[in-house]
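Student: So the sequence shown is numbered by this note's numbering: it starts at 1 and just counts up by one.
For each residue, glycine too, the CB sits at the ideal point set by N, CA and C.
Quick one: structure below, then a few questions.
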Amino acid sequence: GGTQNEYGASLFSNLLVNRAYAYISAIRPDVTARQFVIGGNSPLLDLHWDSEDPYNRQLGAGAGGDSAGDYFFLYGGLVVQNAEAGINAIVPYAAFASVGGETATAGVYPPYRGAGGGGTDGALLTFGDDSYDVFFHPTGVRPYQVLTQGAMLTLAGQIAPTLLSQVDVVITSPSGEKTTYRADSNPLGYFYHPKYDHELDEIGVWTVELTVTPIGTSSAGTLNLPIPTGSVLGAQNKTFSVYVIAPDAPVLEWSRPEGKIAVSAGAPLNFSVTAPSDWSGLRGFVVVSTASNILQADSLTMTGRTASFQYNPTTLSASFPNIEAEGRGTGAWASDVVTMTFIITGTDGEGNPNIIVRTTTLFHDTLYSVDTEHLGG
Numbered sequence: 001g002g003t004q005n006e007y008g009a010s011l012f013s014n015l016l017v018n019r020a021y022a023y024i025s026a027i028r029p030d031v032t033a034r035q036f037v038i039g040g041n042s043p044l045l046d047l048h049w050d051s052e053d054p055y056n057r058q059l060g061a062g063a064g065g066d067s068a069g070d071y072f073f074l075y076g077g078l079v080v081q082n083a084e085a086g087i088n089a090i091v092p093y094a095a096f097a098s099v100g101g102e103t104a105t106a107g108v109y110p111p112y113r114g115a116g117g118g119g120t121d122g123a124l125l126t127f128g129d130d131s132y133d134v135f136f137h138p139t140g141v142r143p144y145q146v147l148t149q150g151a152m153l154t155l156a157g158q159i160a161p162t163l164l165s166q167v168d169v170v171i172t173s174p175s176g177e178k179t180t181y182r183a184d185s186n187p188l189g190y191f192y193h194p195k196y197d198h199e200l201d202e203i204g205v206w207t208v209e210l211t212v213t214p215i216g217t218s219s220a221g222t223l224n225l226p227i228p229t230g231s232v233l234g235a236q237n238k239t240f241s242v243y244v245i246a247p248d249a250p251v252l253e254w255s256r257p258e259g260k261i262a263v264s265a266g267a268p269l270n271f272s273v274t275a276p277s278d279w280s281g282l283r284g285f286v287v288v289s290t291a292s293n294i295l296q297a298d299s300l301t302m303t304g305r306t307a308s309f310q311y312n313p314t315t316l317s318a319s320f321p322n323i324e325a326e327g328r329g330t331g332a333w334a335s336d337v338v339t340m341t342f343i344i345t346g347t348d349g350e351g352n353p354n355i356i357v358r359t360t361t362l363f364h365d366t367l368y369s370v371d372t373e374h375l376g377g
């Protein structure tokens with residue numbers, strides 16, 4: 001009655017027959033866009049946002065807001081409870097959204113490029129020469145992550161489109177031992193099975209081949225052949241590496257100071273890393289990534305014990321338009337947080353195959369890299 005409207009239902013919970021509320025969450029891999037719990041008709045909640053929203057200047061939000069190639073996972077949950085009627089229902093929802101170019105038209109299309117019937121707007125995402133109709137966004141161990149011997153390889157993630165999918169995994173240890181499994185996601189495309197967590201017991205380069213195959217029906221109907229398959233965005237041949245080092249492993253020497261370094265945002269950055277003097281048979285690699293994409297995973301040319309590399313955001317932005325390359329703004333929120341990992345493999349001074357790495361993180365105009373030896377670690 002009027003009393004409830006005047007004071008709100010929370011003061012008269014004993015009079016409530018129905019309880020109904022909804023959760024809403026919209027997230028980019030690096031940024032929270034909107035998150036709400038809605039239990040009434042309050043006009044205070046601003047559910048929409050535009051592509052120039054600075055997202056409260058969260059790390060990596062971008063000085064211009066969303067860019068073409070940015071993508072979102074949209075989640076919802078509805079709870080309805082009525083004790084007298086015996087109703088206690090929870091209904092989940094998930095969807096995928098991407099930001100198109102300036103000339104793109106907004107629209108909602110059936111998933112899998114129309115393989116289930118209905119129209120198509122082309123690939124789900126396109127970066128350079130690579131297009132994706134389905135992909136796996138890792139939320140556990142990340143592609144090319146550096147981990148300590150004995151850690152667990154946890155393959156968890158969200159699949160886009162957000163539908164029931166089958167995941168095939170082949171894990172290969174540095175010594176060549178293979179572990180394979182096949183498992184399904186939940187109906188909304190979330191994937192994690194703790195029983196398949198794998199101990200990283202060998203030092204060196206592990207590889208993970210991960211293939212996602214849609215197996216459910218979409219809103220447009222049953223899938224027609226050929227059914228598209230996918231993997232992690234930027235994985236090469238559906239495969240990525242994970243680097244495992246000893247707990248007390250040294251860090252690659254490099255050409256820059258330790259700790260926090262001011263750099264010119266948007267400008268190319270030059271790096272060189274040097275292996276220990278008693279290592280031999282050296283091979284160098286570099287991996288550049290953001291929360292959303294693997295940008296580069298390349299071999300490096302060794303000159304003696306040293307490998308050099310130039311990070312060039314302008315070049316990368318030609319393939320990845322969601323990378324802010326123009327250097328606008330100041331502070332860590334003004335462009336994507338970029339992680340660069342340098343890896344050298346070879347035979348160490350004791351004659352054993354080994355791996356030595358350094359990771360550096362670029363927060364727009366500040367570069368961080370810490371060698372634990374210099375911290376007395």
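Measuring straight from C-alpha to C-alpha, what distance separates THR341 and THR360?
Tutor: 6 Å
Student: Can you check whether the CB of PHE320 is closer than 8 Å to the CB of GLY378?
Tutor: No information on residue 378 is available, as it lies outside the stretch 1 to 377 that the chain covers here.
Student: Verify whether the separation of the beta carbon atoms of ALA94 and VAL80 is less than 8 Å.
Tutor: For ALA94 and VAL80, no; Cβs fall outside 8 Å.
Student: Give the secondary structure of LYS195 by DSSP, where H, G and I count as helix, E and B as strand, and everything else as coil.
Tutor: helix
Student: So what does TYR93 bridge to, in DSSP terms?
Tutor: Answer is GLY76.
Student: I want to know whether the segment 311-320 touches the segment 263-273 - three or more CB-CB distances under 8 Å.
Tutor: yes
Student: Considering Cα atoms alone, identify which of THR306, LEU47, TYR112 is closest to SER165.
Tutor: TYR112
Student: Determine contact between the segment 137-149 and the segment 229-240, defined as no fewer than three beta-carbon pairs at a distance below 8 Å.
Tutor: At 8 Å Cβ cutoff, the stretches touch.
Student: Based on Cα-Cα distance, which residue from ALA20, TYR21, PHE36 lies nearest to ILE27?
Tutor: Of the candidates ALA20, TYR21, PHE36, the one whose C-alpha sits nearest the C-alpha of ILE27 is PHE36.
Student: For VAL287 and THR339, I'd like the C-alpha separation in whole angstroms.
Tutor: 8 Å
Student: Measure the CB-CB distance between LEU295 and VAL273 and report whether it falls below 8 Å.
Tutor: Against a cut-off of 8 Å, the Cβ pair of VAL273 and LEU295 comes out as no contact.
Student: Using a threshold of 8 Å, state whether the C-beta atoms of VAL244 and LEU200 are closer than that.
Tutor: yes
Student: With a floor of 3 residues, list each beta strand (DSSP E) that falls wholly inside the segment 320-377, ordered by position along the chain.
Tutor: 338-347, 353-363, 366-369
Student: Tell me VAL242's beta-bridge partners as DSSP assigns them.
Tutor: TRP206
Student: Taking the alpha-carbon positions, what's the SER335 to PHE73 distance?
Tutor: 20 Å
Student: PHE135 and SER231 - do their beta-carbons sit closer together than 8 Å?
Tutor: Result yes, Cβ atoms of SER231 and PHE135 sit closer than 8 Å.
Student: Determine the direct distance from the alpha carbon of ASN270 to that of PHE309, and round the result to whole angstroms.
Tutor: 6 Å
Student: Rounded to whole angstroms, what is the Cα-Cα separation between ALA151 and ALA246?
Tutor: Whole-angstrom Cα-Cα distance: 11 Å.
Student: How many angstroms separate the CA atom of ASP298 from the CA atom of PHE285?
Tutor: Cα to Cα, ASP298 sits roughly 6 Å from PHE285.
Student: Return no unless some Cβ of chain B is closer than 8 Å to the Cβ of PHE96.
Tutor: Note that chain B does not occur in the displayed structure, where there is just one protein chain.
Student: Contact defined as beta carbons within less than 8 Å: I believe ALA332 pairs with THR366. What is the distance between those atoms, to the nearest angstrom?
Tutor: 7 Å
Student: Here's the rule I'm using: 16 or more other beta-carbon atoms within 10 Å means buried, otherwise exposed. How should ASP189 be labelled?
Tutor: The question names Asp, but residue 189 is Gly in the sequence shown. The residue in question, GLY189, is buried, as its Cβ has 16 or more Cβ neighbours within 10 Å.
Student: Report the rounded CA-to-CA distance for GLY157 versus ASP53, giving the unit in angstroms.
Tutor: 26 Å
Student: Would you kindly check if the distance between the Cβ of SER185 and the Cβ of ILE203 is under 8 Å?
Tutor: no
Student: Give me the DSSP bridge partner(s) of ASP298.
Tutor: Checking the DSSP bridge columns, you'll see ASP298 partnered with VAL286.
Student: Let me know the secondary structure DSSP gives LEU153 once reduced to three states.
Tutor: strand
Student: Taking the CB atoms as reference points, tell me whether ASN250 and VAL205 lie closer together than 8 Å.
Tutor: For the record, residue 250 in the displayed sequence is Pro; it is not Asn. No, Cβ-Cβ distance for PRO250 and VAL205 is not below 8 Å.
Student: Which residue marks the beginning of the beta strand (DSSP E) containing HIS137, and which one marks its end?
Tutor: 135-138
Student: Let's test the definition: count the other Cβ atoms within 10 Å of the Cβ of GLY62 and tell me whether it reaches 16, buried, or not, exposed.
Tutor: That one is buried.
Student: Under 8 Å Cβ to Cβ from ALA123, same chain only, skipping five residues before and after it: list those, please.
Tutor: ARG113, SER131, TYR132, ASP133
Student: Quick one, which of GLY327, ILE87, PRO276, ARG328 has its alpha-carbon nearest GLY304's?
Tutor: PRO276
Student: Let's test the definition: count the other Cβ atoms within 10 Å of the Cβ of LEU47 and tell me whether it reaches 16, buried, or not, exposed.
Tutor: exposed
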